[in-house]
Structure formats: structure tokens, C-alpha cells
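Here is the structure we will look at, set down as C-alpha cells.
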Amino acid sequence: MNSVGINNLNNTYQNQNIKNFGTNPYHQNRQGLEQDSFERKEGLSKKKKVGIAVAFIATTAIVIGLLVNKHIKAKDLKKIPEEFRTIFKDLKNETGDNFINKAYNKLKKYMQLEGIAPEKIGRSGPDKGFSIQGGFNPTKNTIEYSNGFFTKLDRATQFEMLAHELKHAEQTSKIIRSGKIDDYARAWAECNVELAKNDPLNVSFTMAYNNAKKHGVEKKFIENSIQLNKDMILDEMTKSHTNTLKMPQFKEGSPEYLDAEKYIEASRNYEGLGLFGLGSEKYKNNLLEKEAYGFGEKMKKYFETLMG
Ligand SMILES: [Zn+2]
14 MNSVGINNLN NTYQNQNIKN FGTNPYHQNR QGLEQDSFER KEGLSKKKKV GIAVAFIATT
74 AIVIGLLVNK HIKAKDLKKI PEEFRTIFKD LKNETGDNFI NKAYNKLKKY MQLEGIAPEK
134 IGRSGPDKGF SIQGGFNPTK NTIEYSNGFF TKLDRATQFE MLAHELKHAE QTSKIIRSGK
194 IDDYARAWAE CNVELAKNDP LNVSFTMAYN NAKKHGVEKK FIENSIQLNK DMILDEMTKS
254 HTNTLKMPQF KEGSPEYLDA EKYIEASRNY EGLGLFGLGS EKYKNNLLEK EAYGFGEKMK
314 KYFETLMG
């Protein structure tokens, strides 16, 4: 499916069919995919040369750290909803894939996303360097993680990453249940075309765009590209979110509806992790990500407080 766009592009453009030309900006890794990076905290390799003075400061810091931590823990424990205590009790003795699958299903149930979020989680392949990645694809309605997620992370971080991607699934479901799947598909298409325009690696799109500019028809080219991409996204979304589409809708002006409007705007301006998987400020400050990171971190804290 990823390569469809590029082939389309060449064919469409070579045909010089001015009426229909435009191109689908899809290429590998860019399908309106909300891709997230969770770097591992590497072991604290300290140089032995560091001196006593530093060691003293460090000791003081640790003592303060422990006191603060104890205080936070007691406060946090009071805040944790009763439901979580049951969830964590069930997860206490699970490890490996059993833990991941059970935790995923428990979180899904807690977030009322059964039948909405993906049935199962998938694997996206090797990590990118030190960066273990996860992603929710709103077009296909899939959640995937790179290999390191399954083998290299502690359970609390796995729990955090599951919560993060499920938050994206929840955001998408609010949009669809506000009757805005069409606007949503259009927003991703606009985002994809904008990214393709600025992506030097998307050679075929850049060539076609430059050619259109030369002929003074770049506006039409962009609009047609957006339209092509939107149709494709909408078609896939309609198939991958069948259950959600059948669910009761959120009324205009309801909190969910208002969230949906903000999420669509954030999708239009979404910027992925980028070529090196680092994630820019724009990525981190996008509402979709801010919310997902915030929720993931909260879940991790609950997990550590109850299990740690
Ligand atoms: Zn994310």
C-alpha cells in the first residue's frame, strides 16, 4: 500500500492529464502515522575521575530525592482509582508477551475502547538506533511497536507506551464519533501533502510539483494531490473503523465533539518523528502528542507506585 502513491504519481504525471493530475504523497513511513519514540535510559556510566566533592553533592541529592519521592508516593497512592488496583493485581505476576497482551487488553477496557482500538498489537521491525518506537496508524487503525519494545523495556515503560498509543486511538474515535471522519481524512491528506512538499527524499513528488510550478498549475496540482490522498485515506478509514462508525455519536457542542475539532486541527499540523526518529519541538507540542505523552506518563507513575 505504501508504494501505491509513488507509482500513481509517475503514471499520472507522465500521462499529462491536466484535468486529473496531482499525486498521492504517500511513501514509506508516512501514512498519517502517529509515530512515537521512547528512548531508553541507558545505564549511568560515570567517569571514575569525578572527585569527592561531586560525590558529596550527589549523596545530598539522593537523600533529598528519597524524601521527596516518599512524599509523592503517599500522595499518588491516594489518587489512584480503585479500578487500577485490580488491574495491577492481575498483572503482578505476568511477564514478556503475556504481560504486554494482558496489559493492553486491561487498558483498552479501562479506556472504554473495546471494539474501537485495534484488536491486537503488531510489530514494526527493528528499532531505529537506540530509539524504540511505537505508532498508531489512524488510517489503518493499527498499533505497532519496534522489536525492542517487546524485549528491552521494563514493564512500567511498556505500560506507558501501550497507554500512549491507546490515547491516540481514543482521540481518533472521538473524531469519528463526532461525525467528522471526512474532515479528518482531509486533514491528514493536507498534512501529508505539506510534508511531501518539504521532504527532499520524496523525489517523485518533488519532481511532479516542480513540473507543475513550471506550467503555472501548482495550486491545482496541490489540490488534486490532497483530494487523491484524502479519497484513499477515507476509503481505508471507512473499512478499518467500521465498529466505531456504528457507535452512538457525540452531540455537537459536547466535550468530546469540542475535543474532536481540536484534534482535527492538530492532525492537519502534525509532524512525525522525522528522518532520524528524534521528534522536533513541533512534534512534542502537538496536542495529540502532548495528551498522549501526558496520559502515558501518568499511567507509568501509577504502575511504578503500585508495583514498585
Ligand atoms: Zn504519539
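Numbering of the sequence shown is given in our numbering, commencing with residue 14 and proceeding in unit increments.
Glycine included, each C-beta is placed from N, C-alpha and C at the ideal position.
Quiz item: Using CA coordinates, which residue listed in 321, 232 and 183 is at the minimum distance from residue 308?
Solution: 183
Quiz item: If residue 49 and residue 147 are in contact, beta carbons under 8 Å, what's the gap, nearest whole angstrom?
Solution: 5 Å
Exercise. Give the C-beta separation of residue 158 and residue 136 to the nearest angstrom, bearing in mind that I take them to be a contact with Cβ-Cβ under 8 Å.
Key: 7 Å
Exercise. Compare the beta carbon distance of residue 272 and residue 180 with 7 Å and say whether it is the shorter of the two.
Key: no
Quiz item: What's the call for residue 316, buried or exposed, on a 16-neighbour Cβ count within 10 Å?
Solution: buried
Self-check item: Helix, strand or coil at residue 93 according to DSSP, with G and I counted as helix
Solution: coil
Quiz item: Cα separation between residue 95 and residue 168?
Solution: 20 Å
Quiz item: Looking only at its own chain, which residues have a Cβ that is under 6 Å from the Cβ of residue 374, when we skip the five neighbours before and after it?
Solution: What the structure shows of the chain is the stretch from 14 to 321, and residue 374 is not part of that stretch, so it cannot be assessed.
Self-check item: Contact between the stretch 191-210 and the stretch 268-284 (3+ Cβ pairs under 8 Å)
Solution: yes
Practice problem: Tell me, to the nearest whole angstrom, how far the beta carbon of residue 208 is from that of residue 37; I am working on the premise that it is less than 8 Å. | Solution: Actually they are not in contact, since the Cβ atoms of residue 208 and residue 37 sit about 13 Å apart, beyond 8 Å.
Quiz item: Would DSSP call residue 184 helix, strand or coil?
Solution: helix
Quiz item: So, is residue 223 buried or exposed, given that buried needs 16 or more other C-beta atoms within 10 angstroms?
Solution: exposed
Quiz item: Helix, strand or coil: which one does DSSP assign to residue 322?
Solution: Shown here, the chain extends from 14 to 321; a query on residue 322 therefore has no answer.
Quiz item: Looking only at its own chain, which residues have a Cβ that is under 7 Å from the Cβ of residue 42, when we skip the five neighbours before and after it?
Solution: Caution is warranted here: a pLDDT of 42 is assigned to residue 42, below 50, making its placement in the model unreliable, and no coordinate value can be reported.
Self-check item: residue 131 burial status per 10 Å Cβ neighbour count (16 or more: buried)
Solution: buried
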